[in-house]
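Peer 1:
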Amino acid sequence: MKVLLKKVRVFDSNSTFDNQEVDIAVENGIIVSIGNIEDSGFEDIISGQNLCVSNGWVDAGVHYKEPGAEWLENMDSLHAAALEGGITTLVGFPNTNPTVQTKESLSYFGNFSKNNLVSFLNYAAVTKNCEGKDFTDMMDLHYNGAIGFSDGKNPIQSSDILLKTLQYLHPLNTILVTKSEDKYLSMFGQMHEGITSTMLGLKGIPSAAEEIMIMRDLKLLEYSGIKSEQPLLHFSTISTLQSVNLIREAKAKGLPISCDIAAHQLAFTDESLLDFDTNLKVSPPFRSKSDVDALIEGLKDGTIDMIVSDHNPLDAEHKNVEFDVADFGVLGIQTLFSVVNTYSGLDLQTIIEKIVLNPRKLVKIESPKIAIGEKANLTVFDPDQEFVFEEKNILSLSKNSPFIENKLKGRAVAVVNNGKFKILG
Amino acid sequence: MDSLSTRHLLGIKNITENDIHLILSTAKEFKEVINRPIKKVPSLRDITIANLFFENSTRTRLSFELAEKRLSADTINFSSAGSSVKKGETLLDTVNNILAMKVDMVVMRHSSPGAPHFLSNKIKANIVNAGDGTHEHPTQALLDAFSMQEKIGDLKGKKIAIIGDILHSRVALSNIFCLQKLGAEVRVCGPKTLIPKHLGELGVKVFDKVEEALAWCDVANVLRIQLERQQLKYFPSLREYSLYFGINKSMLEKLDKEIVIMHPGPINRGVELSSDAADSQHSIILDQVENGVAVRMAVMFLLAQKN
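Taken in order, these protein sequences are the chains called A and B.
One point on numbering: in this note's numbering, the residue at position 208 of the first sequence is 263, and numbering is uninterrupted.
One point on numbering: in this note's numbering, the residue at position 101 of the second sequence is 996, and numbering is uninterrupted.
(1) On the CB-based measure, 16 or more other CB atoms within 10 Å of its CB, does LEU1181(B) come out buried or exposed?
(2) For the putative contact between ILE1058(B) and ALA1115(B), defined by C-beta atoms under 8 Å, what is the C-beta separation to the nearest angstrom?
(3) Taking all protein chains shown into account, decide if TYR178(A) is buried (16 or more other Cβ within 10 angstroms of its Cβ) or exposed.
(4) Assign VAL980(B) to one of two classes, buried (16 or more other C-beta atoms within 10 Å of its C-beta) or exposed (fewer than that).
(5) Here's a check: name, in chain order, each residue in its chain whose Cβ is nearer than 7 Å to the Cβ of GLY1078(B), leaving out the five neighbours to either side.
(6) With 8 Å as the threshold, decide whether the Cβ of LEU1138(B) is near any Cβ in chain A.
(7) Let me make sure I understand the geometry here. Which of ALA371(A), LEU273(A), ALA381(A), ILE293(A) has the alpha-carbon closest to that of GLU304(A)?
(8) Assess, as a yes-or-no matter, whether the stretch 112–131 of chain A is touched by the stretch 910–923 of chain B under the definition of 3 or more beta carbon pairs within less than 8 Å.
(9) Between SER979(B) and chain A, is any beta-carbon pair separated by less than 8 Å?
(10) Give every residue of the same chain whose Cβ lies closer than 8 Å to the Cβ of LEU354(A), excluding the five residues on either side of it in the sequence, and list them in chain order.
(11) Determine the DSSP secondary structure at VAL1101(B), reduced to helix, strand or coil.
(12) Straight-line CA distance for GLN1075(B) to THR251(A)?
(13) Show which residues of chain B have a CB atom less than 8 Å away from the CB atom of LEU434(A).
(14) List the residues of chain A whose Cβ lies closer than 8 Å to the Cβ of SER1007(B), in chain order.
(15) Taking 8 Å as the cut-off, decide whether the C-beta atoms of ILE92(A) and ASP73(A) are in contact.
(16) Can you name the residues of chain B whose CB is closer than 9 Å to the CB of LEU275(A)?
(17) Short of 6 Å in beta carbon distance, which residues of its chain neighbour LYS208(A), apart from the five on each side in sequence? Order them along the chain.
(18) Decide if the stretch 261–275 of chain A is in contact with the stretch 322–335 of chain A; the criterion is three or more beta carbon pairs, one per stretch, under 8 Å apart.
(19) What three-state label does DSSP hand TYR1129(B) in the structure shown?
(20) Would MET1003(B) and LEU961(B) be called neighbours here (beta carbons separated by less than 8 Å)?
(21) Which residues in chain A have a C-beta closer than 7 Å to the C-beta of GLY1048(B)? List them in chain order.
(22) Of all the CB atoms in chain A, is at least one closer than 8 Å to the CB of THR1088(B)?
(23) Any residues in the stretch 323–339 of chain A with a beta carbon nearer than 8 Å to a beta carbon of chain B? Which ones, in chain order?
(24) Quick one: measure Cβ to Cβ for LEU138(A) and LYS477(A), integer angstroms, because I've assumed they're closer than 8 Å.
(25) Checking 8 Å against the spacing of the C-beta atoms, do PRO210(A) and LYS234(A) come in under that value?
(26) Can you tell me whether DSSP reads ALA1193(B) as helix, strand or coil?
(27) Please check if any C-beta of chain A sits within less than 8 Å of the C-beta of ILE907(B).
(28) Could you check whether the Cβ of SER200(A) sits closer than 8 Å to any Cβ belonging to chain B?
(29) Taking its Cβ as the centre, do 16 or more other Cβ atoms sit within 10 Å of LYS51(A), making it buried, or is it exposed?
(30) Taking only the alpha-carbon atoms, compute the straight-line gap between ASP999(B) and ILE1018(B) and give it to the nearest angstrom.
(31) With distances taken Cα to Cα, identify the nearest neighbour of ILE449(A) among LEU391(A), GLU76(A), PHE378(A).
(32) Within the same chain, show all residues whose beta-carbon is closer than 7 Å to that of SER132(A), passing over the 5 residues directly before and after it, in chain order.
(33) In whole angstroms, what is the alpha-carbon distance linking ASP1027(B) and LEU957(B)?
(34) Answer with yes or no whether the minimum CB distance from THR14(A) to chain B is below 8 Å.
(35) On the DSSP letters alone, give me the boundaries of the alpha helix (DSSP H) that THR1034(B) sits inside.
(36) Compare the beta carbon distance of LEU966(B) and MET1195(B) with 8 Å and say whether it is the shorter of the two.
This is the structure:
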């Protein structure tokens, strides 16, 4: 393997070449030269207008379907979709069948990562089968490769379980990733509670269902007295203005917390559901315009640390049905960067921070810098390329993308990782 | 000839004021027809209509069937309530069956909000929503408006109170859209747990006390307490509801004005409405039933013109 990246602008605040346009030569997975490099002697040369490079993109919020529901997405289709989206590292929630709650489960994913361009990492379950009752062997899971803990799509309802999890995990220097939703308030809810849900006759999920849980968790973290330099508690896929405010205030107080949003939250509001499109049925639901604005503000001022896809493949049996029967969830891994770049209005430095630097820091995965002699884990991308995302382009086994037929801007063009290289598209 | 702006009647929200006027004036002609010695017209001869009722219904189904027969349409009926099969599969399978049977129009009642929208994206036939869960019941709203107009004339500036379980009521939502489009002022009354939190954004004010609502309105449209639609607890007991939100004749006689009492049926007698109020001279509940046939004839007649 001998590849030359020609005239690429570097996005890596840890690199001395940050924001410079350079040539990068990669040989057998290692960056061997950076600067002005002759074209001869390479197996492949990547060149084009306005090409950029950063460390490989990370999606730290993915719902794996294998094992248990391989017809929705198997490891091969997930690998292909991630790669097409420029993503070299995935972190999956534990809600597979069986649940990721044993070291055997973790090694199952570890084996897929070997010799592949994309690495598959895991949050292990906090409670058995993510039911919120009995703890898994968290210490054992931590020492056997779990890079964080979460009950995934199941919010932890018990205050006692949440508090004890924080106390138990703190010495391990790991992270608890939790979805904030009071299940009593959201019960039978189908979409954001507001004037649109009222007009559609659909039971609403009030913003308060999310905010109450964030308030509770912050209170419990404060009560625990835990001090930590690193975030210990991470709020996954927040969606409301008040949630952003609560987290901003708590961060200012020095609580060890972080949070993320799902990329699709930037593109839609509850009003997008007026035609009962089940491909827009997500949890948390699409909120109001002011919520979306607050999310963007939170991304800009650093309150929101990262952006994930919340990728959740579902087939026609789950989606091509009446709205209240349909499952929550959309595809997202293949369009993560494109969606953020199209809808957020964020500059490229900030986007790279949210999908590369911060996730690598938060889940403590290696973050090689773009420098000579370093391991090449790189995504080459064209931020200006416009394209229409079509159903036939979807590489997942499921097709539940809300972006079909949408015009998107910016995409990955090549990926280098684990000594391998692939030109995309 | 005037025609509707739509091929389907999915709800009142997405039809125009002109559509409503057209339906109501056509219904007036059909009401005259069904009061003739020969009540049948050949308007929908060769048109096949499928009545798909995925939820229990007696009066709405009968009303549609009668309207179809009066229009000389061919009809097929499908009823399936509480099917053990997963709902979505049933509906999709049914869609394919309808396609195969080449029906021209589908009248559908379903427990899922948006189910007729779902259907309208899959098949070519005209769709009439006969009630979709807690969303809309457009023909009920149209027949209510027709009955009100018949009784008190033009609805512009008239005051209509909708009383009862607003949260779970497709009748309330369709009534609000319809009456507002016709220029009436609509307010609601019921226990706060049964009033949608964001209803105010539709310009609908809320009365906490039923006496205040009655004192304010020209027409009280009293809704059925729909225990079957309440998946959670919303109020303590039917006893308490009837004590504090029920309407009886003595309350109506205390009012120093004319008032019209309506109810979409079936009435829980003694809960939301006492028998002496339901059967009083204020009540136009049986007119509503008669007008239902005429309004549904108008809707199906006008939709069939769109093909």
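Even glycine gets a Cβ: it sits at the ideal position worked out from N, Cα and C.
Peer 2: By the coordinates alone:
(1) exposed
(2) 6 Å
(3) buried
(4) With a pLDDT of only 47 at VAL980(B), under the threshold of 50, the placement of this residue in the model should not be trusted; the figure read from the coordinates follows. Per the 10 Å Cβ criterion, exposed.
(5) LEU1050, LYS1051, GLY1052
(6) no
(7) LEU273(A)
(8) no
(9) Annotation note: pLDDT 40 at SER979(B) (below 50); position unreliable, no value reported.
(10) ILE316, ILE362, SER399, LEU401, THR405, LYS409
(11) strand
(12) 17 Å
(13) The sequence given here has Thr at residue 434(A), not Leu. Neighbours of THR434(A) on chain B: none; closest Cβ ~38 Å, over 8 Å.
(14) GLU377, PHE378, ASP379, VAL380
(15) no
(16) Residues of chain B passing the Cβ test: none, with the nearest at roughly 27 Å.
(17) ASN150
(18) no
(19) coil
(20) no
(21) Residues of chain A passing the Cβ test: none, with the nearest at roughly 29 Å.
(22) no
(23) ASP330, PHE331
(24) 6 Å
(25) yes
(26) helix
(27) no
(28) Residue identity check: residue 200(A) is Gly in the sequence provided, not Ser. Output row for GLY200(A): interface = no.
(29) This structure cannot speak to residue 51(A), because chain A is shown only from 56 to 480.
(30) 10 Å
(31) LEU391(A)
(32) LEU450, SER451, LEU452
(33) 17 Å
(34) No information on residue 14(A) is available, as it lies outside the stretch 56 to 480 that chain A covers here.
(35) 1033–1047
(36) yes
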